[in-house]
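Asks: Protein sequences appear in the order of chains R and E.
Quick note: the first sequence, position 346, residue 346 per the UniProt record's numbering, numbers continuous.
Quick note: the second sequence, position 114, residue 114 per the UniProt record's numbering, numbers continuous.
From the three backbone atoms N, C-alpha and C, an ideal C-beta is built for every residue, glycine too.
Quick caveat, the model's predicted, so the values are computed rather than measured.
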Amino acid sequence: MEPKNQHTQTILAPIRKVSKGDYLLWGALTALLLSGLVAWIWQYIEGLGITGMNRPVYWGVYITNFVFFIGLAHSGTFISAILRIAGQSWRAPLTRAAEAITLFSLPFGAGSIIIDMGRPERLLNLVFYGRYQSPILWDVTAVSLYLLSSVVFFYLSLLPDIAMCRDRLTNVPHWQHRMYEILALGWNHDSEQYHRLEKVLDGMAVFMTMLVVTVHTVVSWLFGMTVQPGWHTALIGPFFLLGAILSGTAAVVIVLALLRKAYRLEKVLHNGLFNSLRKLLITFVLGWLYMMIAEYLTIGYSNMTEEMVVLTDKFSGTYATMFWSMTVFVFVIPLLIFIFKGKNSVGWMVFASVLINIGMWMERYIVIIPTEISPRMLHVMGQGSYLPALPEILITIACFAGLILLYAVFTRFFPIIPIWETAEELPGHAHSTKTSPAPSSASSD
Amino acid sequence: MLRWGMVIDLDKCFACQSCTAACRMENNTPVAGKDQADMGRAILWNEVLPFVEGEYPNVHTTILPRPCMHCDEPSCVKVCPVQATFMNEEGTVLVNYDRCIGCRMCTVACPYAVRYFNWYAPEWPDALKEHLNPDPEVAPRPKGVVEKCTFCVQRLRKAREEAEAEGRTFNATDYTPACVETCTGRARYFGDLNDPNSLVSKLSHSPRAFRMFEELGTHPKVYYLKQG
Ligand code: SF4
Ligand code: SF4
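(1) Excluding the five sequence neighbours on either side, which residues of its own chain have a C-beta within less than 6 Å of the C-beta of residue 451/R, listed in chain order?
(2) Less than 9 Å between the C-beta atoms of Phe213/E and Tyr112/E, yes or no?
(3) Just checking: is the beta-carbon of Cys6/E within a distance shorter than 9 Å of some beta-carbon in chain R?
(4) On the CB-based measure, 16 or more other CB atoms within 10 Å of its CB, does Thr61/E come out buried or exposed?
(5) So the candidates are Val222/E, Gln227/E and Ala42/E; which of them puts its Cα closest to the Cα of Phe117/E?
(6) Closest Cβ-Cβ distance between Trp124/E and chain R: below 9 Å?
(7) In chain R, which residues lie less than 9 Å from Gly102/E when you measure between Cβ atoms?
(8) Judging by CA-CA distance, which residue of Phe153/R, Pro427/R, Glu392/R and Gly248/R is the nearest neighbour of Trp59/R?
(9) What residue range does the alpha helix (DSSP H) around His270/R cover?
(10) Using a Cβ cut-off of 9 Å (strictly closer), state whether Arg55/R contacts chain E.
(11) Unbroken alpha helix (DSSP H) runs of length 4 or more, entirely within the segment 308 to 389 of chain R: which are they?
(12) Going by DSSP, which residues form a beta bridge with Glu53/E?
(13) Return yes when the C-beta of Ala84/E is under 8 Å from any heavy atom of ligand 2, and no when it is not.
(14) Pull up the distance between the alpha-carbon of Lys20/R and that of Ile397/R, whole angstroms please.
(15) Rounded to a whole number of angstroms, what is the C-alpha to C-alpha distance between Gly317/R and Gly185/E?
(16) Whole alpha helix (DSSP H) runs in the UniProt domain "4Fe-4S ferredoxin-type" (91 to 120) of chain E with 4 or more residues, listed along the chain?
(17) Starting from Leu10/E, trace the beta strand (DSSP E) in both directions and tell me its first and last residue.
(18) To be precise: take each residue of the UniProt domain "4Fe-4S ferredoxin-type" (91 to 120) of chain E, compare its Cβ to all Cβ atoms of chain R, and keep it if any distance is under 8 Å. Which residues remain?
(19) So what does DSSP say about Asp190/R, is it helix, strand or coil?
(20) Kindly examine ligand 1 and report whether one of its heavy atoms sits closer than 8 Å to the Cβ of Pro229/R.
(21) Please determine if the segment 66 to 81 of chain R and the segment 93 to 113 of chain R are in contact, where contact requires at least 3 C-beta pairs separated by less than 8 Å.
(22) Is the CB of Arg24/E under 9 Å away from at least one CB in chain R?
(23) So what does Arg211/E bridge to, in DSSP terms?
(24) Going by alpha carbons, who is nearest to Ile82/R out of Val212/R, Gly230/R and Phe223/R?
(25) With respect to the alpha helix (DSSP H) encompassing Leu203/E, which residues constitute its N-terminal and C-terminal limits?
(26) Taking only beta carbons into account, state which residues of the segment 124 to 140 of chain R come closer than 7 Å to chain E, listed in chain order.
(27) Taking only three categories from DSSP, how would you classify Ala198/R?
(28) Leaving out five residues before and five after Ala438/R in sequence, what residues of the same chain have Cβ atoms less than 8 Å from its Cβ?
(29) Roughly how many angstroms separate the alpha carbons of Lys221/E and Met6/E, rounded to a whole number?
(30) I'd like the list of long-range same chain contacts for residue 459/R, defined as Cβ closer than 7 Å, with 5 residues on each side in sequence excluded.
(31) Assuming Val227/R and Leu216/E are in contact, meaning their beta carbons sit under 8 Å apart, how far apart are those beta carbons, in whole angstroms?
(32) Whose Cβ in chain R lies nearer than 7 Å to the Cβ of Phe210/E?
(33) Whole angstroms is fine: what's the gap from Leu214/R's alpha carbon to Ile115/R's?
(34) Pull up the distance between the alpha-carbon of His232/R and that of Asn65/R, whole angstroms please.
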């Protein structure tokens, strides 16, 4: 017996037809992706010299993108794992939409590191000669583990819905139906299957929560473990983590708004969801402000020479414009919107969320570049400078295009709202999203 | 056990840049060209840098010749994910160009900014190309890897080979890096820091001796003798 969900038809509707508009969108995104690929091949042949990087700015937008995309990926895990443990059942309709962001942005995060390498063909040296003393290896381990477990987590929670596609979508092209048959792994909506699934997902949620904290902390240690001014602070880990969850949650708002517009999912992705996300976002924005103050006040107050060089550069020097716009984008405007305008207004919420994500990208950039521009040897070497060059811009655009492309294609072949998790009734046990006290009820029996 | 180190007397250095030139010829560092050099991409294993303190009219300039510090606790070795940068038994920090993946973690971690990246494949004008050092140990490095001062390890190998060929035991004073040999002002000293009687070890204990950024705990093996 299938799970009973009054919205099944609405949720499956987008899968029945791939429209002209879709092909246009996919085509345009593929073109952008290809232009990035060409840029990368060009860079591979010529050398990293075609980028804007130099000495002392050895890391540029590729590493910025790495940090940003891994941060974006935290949306899914936060919503589906952390909120799952916390028993927040309102999150059910948006779990998959959020997890998909995780799944599709991770490859571009990990890919950015490879793009940044001077010798990508030697990637396997990390396996043959890998040394755990290096933060890079911590990153490689944490990110691959994260990618792997995200795929498993995502796929498991997709199983019942694939089975439903298999049973209901009988008039789709033959190959597509075959795909559902294979991927459903013979799922037949047995109540025992649902019990086990919930149990596994609960268990994995705990693991994923630990992983999500580890991953972004380790990412920050790429910087924090060096002795460079501006990077060498214990706060960098928590600060990166909070920023990641902030930008991830904001990304969920954007995605939800687009989905409900494009696929007419207003009934399922109701305004209430946005209001709940709004509260979360207010908390995170304030948390971000707290970290900012804690970090910069400590540095500014103690007034250590090298640290001050970097700090002044951010506050009133080369990066002042960027620094202050970042603060306005991440904190000032969004907070005002969330408090005064965001309630029941999806448009305002999306606007604020877009600003947050632009601001968070800038934040990553501002953590990385100013420290490199003013190395300890500053007084003898002079100040460095950095501006991204064409290949770096093309590749950055390609990463974003690739993320959107994967997402858009996915939503045309699989239900982006979890039908079984939002069902009024599941085989074997009554499960209602409205009344269930905690989604972990399955594991307690 | 030998522990190679260098002492640079800032009183004697008059910034003639001979060391920089000698280093280039000895170690085959490529010619970057003006545009690239302006972007900060010139590869100079040794540089002579002006260190200006104060503001006009009370300016005090120190000239600072700067090789790799060959730290005893090197920030670069710690962060290399594939052990492409490593310290040999005699304390010299080297790079394995065949293994380096070009991640540039070491370049951002070194507080002395002495590590260089090959942004392009190396190039020389034809006239210079004929005069590259033929020693295989300093064969031009490919694009995409990191390189830096090695205390001219190839010269150490040669000194050992020579001693062996002449049938005598190798002596620490047989080995001198190109910059030390060239130095017009005789400002550079090189030798075994572990031998309490060596010149470098005595000079390193001079009251004038200091090391750069000592507070970072990197323990450089390059000492400077204060000006004045
Ligand atoms: S000076 Fe820099 S490159 Fe040389 S050993 Fe020390 S940390 Fe490594
Ligand atoms: S650039 Fe090369 S030497 Fe430096 S850390 Fe990376 S792999 Fe090691």
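Replies: Short version:
(1) This structure cannot settle anything about residue 451/R, because the visible part of chain R is limited to 1 through 445.
(2) Counting from 1 along the second sequence, the entry for residue 213/E is found at position 213. Counting from 1 along the second sequence, the entry for residue 112/E is found at position 112. A contact, by the Cβ cut-off of 9 Å.
(3) The residue you call residue 6/E lines up with position 6 of the second sequence. The identity of residue 6/E in the sequence shown is Met, whereas the question assumes Cys. Closer than 9 Å: no.
(4) Taking the first residue of the second sequence as 1, we reach residue 61/E at position 61. Result: exposed.
(5) Position 117 of the second sequence holds residue 117/E. Nearest of Val222/E, Gln227/E and Ala42/E to Phe117/E, Cα basis: Ala42/E.
(6) The residue given as residue 124/E occupies position 124 in the second sequence. So no, Trp124/E is outside the interface.
(7) Indexing the second sequence from 1 puts residue 102/E at position 102. Ordered by position in chain R, the residues that pass the 9 Å Cβ test against Gly102/E are Leu48, Asp116, Met117, Gly118, Arg119, Pro120 and Arg122.
(8) Along the first sequence, one-based indexing puts residue 59/R at 59. Ranking the options by Cα distance to Trp59/R, first place goes to Glu392/R.
(9) Within the first sequence, residue 270/R is the residue found at index 270, counting from 1. Per DSSP, His270/R belongs to no alpha helix (DSSP H) and is neither H nor E.
(10) Taking the first sequence and counting its residues from 1, one reaches residue 55/R at position 55. True, the Cβ-Cβ gap to chain E drops below 9 Å.
(11) 320 to 327, 333 to 336, 346 to 373 and 378 to 381
(12) Residue 53/E sits at position 53 when you count from the first residue of the second sequence. For Glu53/E, which the question treats as bridged, DSSP gives the partners His60/E.
(13) Start at 1 with the first residue of the second sequence, and residue 84/E comes out as number 84. Checking the Cβ of Ala84/E against ligand 2 gives yes.
(14) Within the first sequence, residue 20/R is the residue found at index 20, counting from 1. Within the first sequence, residue 397/R is the residue found at index 397, counting from 1. Answer to the nearest angstrom: the Cα atoms are 24 Å apart.
(15) Here residue 317/R is taken as the residue at index 317 of the first sequence, counted from 1. Here residue 185/E is taken as the residue at index 185 of the second sequence, counted from 1. Computed Cα separation, rounded: 40 Å.
(16) 105 to 109
(17) Along the second sequence, read from residue 1 onward, the residue named residue 10/E stands at position 10. That residue, Leu10/E, is in no beta strand (DSSP E); it is neither H nor E in DSSP.
(18) Arg99, Cys100, Ile101, Gly102, Cys103, Arg104, Met105, Thr107, Val108, Ala109, Pro111, Tyr112, Ala113, Tyr116, Phe117, Asn118, Trp119 and Tyr120
(19) For the purposes of this step, residue 190/R is taken as residue 190 along the first sequence, with counting starting at 1. Asp190/R: coil per DSSP, three-state reduction.
(20) For this step, residue 229/R is matched to residue 229 along the first sequence. No, since every heavy atom of ligand 1 falls outside the 8 Å radius drawn around the Cβ of Pro229/R.
(21) yes
(22) In the second sequence, the residue the question calls residue 24/E occupies position 24. Not one chain R Cβ lies under 9 Å of Arg24/E.
(23) As a first step, residue 211/E must be located in the second sequence, where it is residue number 211. The partner list for Arg211/E (beta bridge, DSSP) is empty, contrary to what the question assumes.
(24) Looking up residue 82/R in the first sequence gives position 82. Comparing Cα-Cα distances from Ile82/R to each of Val212/R, Gly230/R and Phe223/R, the minimum goes to Val212/R.
(25) For the purposes of this step, residue 203/E is identified with residue 203 of the second sequence, where counting begins at 1. Per DSSP, Leu203/E belongs to the alpha helix (DSSP H) from Leu199 to Ser204.
(26) Asn125, Leu126, Tyr129, Gly130, Arg131, Gln133, Ser134, Pro135, Ile136 and Leu137
(27) Here residue 198/R is taken as the residue at index 198 of the first sequence, counted from 1. First, the residue type needs correcting, since residue 198/R is Glu and not Ala in the sequence shown. It is helical.
(28) Mapped onto the first sequence, residue 438/R falls at position 438. Note that Ala438/R scores a pLDDT of 40, beneath 50, so its modelled location is shaky and nothing firm can be said.
(29) In the second sequence, the residue the question calls residue 221/E occupies position 221. In the second sequence, the residue the question calls residue 6/E occupies position 6. Cα-Cα distance, rounded: 6 Å.
(30) This structure gives no information on residue 459/R, because the portion of chain R shown stretches from 1 to 445.
(31) Within the first sequence, residue 227/R is the residue found at index 227, counting from 1. Within the second sequence, residue 216/E is the residue found at index 216, counting from 1. The pair is a contact, with the Cβ atoms about 5 Å apart (cut-off 8 Å).
(32) The residue given as residue 210/E occupies position 210 in the second sequence. Near Phe210/E there are no residues of chain R at all, since even the closest Cβ is about 15 Å away, more than 7 Å.
(33) Stepping through the first sequence from its first residue, residue 214/R is reached at position 214. Stepping through the first sequence from its first residue, residue 115/R is reached at position 115. Contrary to the premise, residue 214/R reads as Thr rather than Leu in this sequence. Taking the straight line from one Cα to the other gives about 23 Å.
(34) By 1-based counting over the first sequence, the position of residue 232/R is 232. By 1-based counting over the first sequence, the position of residue 65/R is 65. Spanning the two alpha carbons is a distance of roughly 21 Å.
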